[in-house]
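In this text, residue positions in the sequence shown follow the numbering used here: the first is 454, and each later residue adds one.
For glycine and all other residues, C-beta sits at the position ideal for the given N, C-alpha and C.
Presented below is the structure to which this report refers.
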Amino acid sequence: MNAQKTLTLFDVQGSWRPLVNKAKARIETILQEGRFVLGPFTQELEEGFARSLDVGHASAVSSGTSGLYLALKALDIGPGDEVITTPMSFIATVHAILLAGARPVLADIDPKHFGLSPETIAPKITQRTRAVILVHLFGNPAPAEEIVELLAPKGIALIEDACQAFGAKRNGKSLGSIGTLGVFSFYPTKNLGGAGDGGMVVTSDEILHSRIRSLKLHGEAAERSFGALGINGRMDEIQAALILLRLEEFESEAKKRVTLGRLYREMLEGLVGLQTPIEGAEPLWHLFSVRLQERERIRDALALRGIQTGVYYPLPFHKVPHLMPYFPDERLETAEALASSVLQIPLHPGMEEADAVFAASALLATLRS
Ligand SMILES: *Cc1c(COP(=O)(O)O)cnc(C)c1O
Numbered sequence: 454m455n456a457q458k459t460l461t462l463f464d465v466q467g468s469w470r471p472l473v474n475k476a477k478a479r480i481e482t483i484l485q486e487g488r489f490v491l492g493p494f495t496q497e498l499e500e501g502f503a504r505s506l507d508v509g510h511a512s513a514v515s516s517g518t519s520g521l522y523l524a525l526k527a528l529d530i531g532p533g534d535e536v537i538t539t540p541m542s543f544i545a546t547v548h549a550i551l552l553a554g555a556r557p558v559l560a561d562i563d564p565k566h567f568g569l570s571p572e573t574i575a576p577k578i579t580q581r582t583r584a585v586i587l588v589h590l591f592g593n594p595a596p597a598e599e600i601v602e603l604l605a606p607k608g609i610a611l612i613e614d615a616c617q618a619f620g621a622k623r624n625g626k627s628l629g630s631i632g633t634l635g636v637f638s639f640y641p642t643k644n645l646g647g648a649g650d651g652g653m654v655v656t657s658d659e660i661l662h663s664r665i666r667s668l669k670l671h672g673e674a675a676e677r678s679f680g681a682l683g684i685n686g687r688m689d690e691i692q693a694a695l696i697l698l699r700l701e702e703f704e705s706e707a708k709k710r711v712t713l714g715r716l717y718r719e720m721l722e723g724l725v726g727l728q729t730p731i732e733g734a735e736p737l738w739h740l741f742s743v744r745l746q747e748r749e750r751i752r753d754a755l756a757l758r759g760i761q762t763g764v765y766y767p768l769p770f771h772k773v774p775h776l777m778p779y780f781p782d783e784r785l786e787t788a789e790a791l792a793s794s795v796l797q798i799p800l801h802p803g804m805e806e807a808d809a810v811f812a813a814s815a816l817l818a819t820l821r822s
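Written out as structure tokens, the structure is:
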């Protein structure tokens, strides 16, 4: 029998284990009071979230996807408009643009930090460009400040897709608070994971905030009076109460992610390709990526040692079959090269430092064999 423990890519249950009793008590309160939407926990979560990011307003929504859609609609973006984004992200980023009726335009990524940069965005700007959706991929900051400098004089909005980057900062500023609007996801595996689906849209612009609030309630302007085409995009009260619990306990998990990431960097730097933080960046790793020539051989060898790995993302958007018609003849060499070489190794708050040493050593041994 092989008694070796397995190292999983995520540990969703582990984060909830110490919170089960408190979670039960909150759910019971809500069941007794019957306030299932727009209740006091939702308000407390929104206020605590805005405070933790040092941003003016936060609006709880049903998912990161609906958050991105609502951010675009709050900016009045739709048919005839272009939105520039990355080809390397979760599919929701580009789906939100298409669902809003706008045209997605892809710009290539930077080979070091894996995000968009002013250099790749600039040649894609046209008279129709209304916004850029910048993804802070795997919790690593993309250069949002430099991109704002490029976009602001042209009146183009920056939406930060910080769905993977809650808790990460650049130059002391929280990601999601730098652009016009920031969007977060509380999908269970994200840095701040809920017990199901949830999201948050943040902004310091009062008018955009009130538009988000209205659009997530079918465009409600006053009670039972509807003034815009919106969706049912609010967050459930039980979800808000549980995410609030995770927010209260977030610091220790964040420290663990930082420590494990630092350890991996120390052990692997110079030996394999890594996703590299830019100047002033304080990443909070959602996933830890390495770049490999022989990805499949190494995946198999690590699996035999009980180390689970992931491939995020195997295809850039312009190579995903149902999206290909939107991007005919698109060539984005850095994204394509990353998609065919990237591999994620385990990094989650349930791990000990010894687990990271074990995983990194196994990776290095496999590379040499
Ligand atoms: C998870 C994720 C989303 C979508 O969030 P959901 O809550 O799953 O809808 C959007 N963008 C990125 C980069 C994500 O990782």
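Check                                                                                                                                                            : Outcome
What separation, rounded to the nearest whole angstrom, lies between the Cα atoms of residue 681 and residue 512?                                                : 18 Å
What does DSSP give as the partner residue(s) for residue 763 in the beta ladder?                                                                                : 797
How should residue 479 be labelled, buried or exposed, when 16 other C-beta atoms within 10 angstroms of its C-beta is the threshold for buried?                 : buried
Of all the beta strand (DSSP E) runs that stay within the bounds of the region 471-528, which reach a length of 3 or more residues?                              : 510-514
I'd like to check one pair, residue 571 with residue 609: are the Cβ atoms closer than 8 Å?                                                                      : no
So does the region 576-594 actually touch the region 472-490, counting three or more Cβ pairs closer than 8 Å?                                                   : no
Consult DSSP for residue 586 and reduce its assignment to one of helix, strand or coil.                                                                          : strand
Can you tell me the Cα-Cα spacing of residue 550 and residue 615, whole angstroms?                                                                               : 16 Å
With H, G and I counted as helix, E and B as strand and the rest as coil, what does DSSP make of residue 557?                                                    : strand
Return the bridge partner residues of residue 726 from the DSSP annotation.                                                                                      : 744
Alpha carbon to alpha carbon, what distance is there between residue 473 and residue 545?                                                                        : 30 Å
Curious, which full-length beta strand (DSSP E) runs of at least 3 residues does the region 660-705 contain?                                                     : 673-675
Could you tell me which of 560, 618, 638 sits nearest to residue 515, measuring between CA atoms?                                                                : 638
Compute the distance between the beta-carbons of residue 586 and residue 612, then report whether it is under 8 Å.                                               : yes
For ligand 1, is there any heavy atom lying closer than 7 Å to the beta carbon of residue 650?                                                                   : yes
Report yes if the C-beta distance between residue 668 and residue 691 is below 8 Å; otherwise report no.                                                         : no
So residue 665 and residue 523 are in contact, right, with Cβ under 8 Å, and what is the actual spacing, rounded?                                                : 5 Å
For residue 746, is the classification buried or exposed, using 16 other Cβ atoms within 10 angstroms of its Cβ as the cut-off for buried?                       : exposed
Quick test of your reading: residue 581 and residue 598, contact by CB under 8 Å. State the CB separation rounded to the nearest angstrom.                       : About 25 Å; that fails the 8 Å criterion.
Flag this pair as yes or no: are the beta carbons of residue 589 and residue 568 separated by less than 8 Å?                                                     : yes
Could you tell me which of 626, 643, 502 sits nearest to residue 800, measuring between CA atoms?                                                                : 643
Should residue 464 be counted as a contact of ligand 1 given a C-beta to heavy atom distance under 7 Å?                                                          : no
Could you tell me how far apart the beta carbons of residue 553 and residue 530 are, in whole angstroms, since I believe they sit closer than 8 Å?               : 6 Å
Using C-beta distances below 6 Å, list every residue in its chain close to residue 633, excluding the 5 sequence neighbours before and after it, in chain order. : 610, 611
In three-state DSSP terms, what is residue 830?                                                                                                                  : A query on residue 830 cannot be resolved here, the shown segment of the chain reaching from 454 to 822 and no further.
Using 10 angstroms around the beta-carbon of residue 762, count the other beta-carbons present and answer buried if the total reaches 16, otherwise exposed.     : buried
Can you tell me the Cα-Cα spacing of residue 455 and residue 758, whole angstroms?                                                                               : Because the pLDDT at residue 455 is just 47, under 50, the model does not fix this residue reliably, and the point stays unresolved.
Nearest CA to the CA of residue 896: which residue from 760, 555, 787, 503?                                                                                      : Because the chain is modelled from 454 through 822, residue 896 falls outside the range shown and cannot be assessed.
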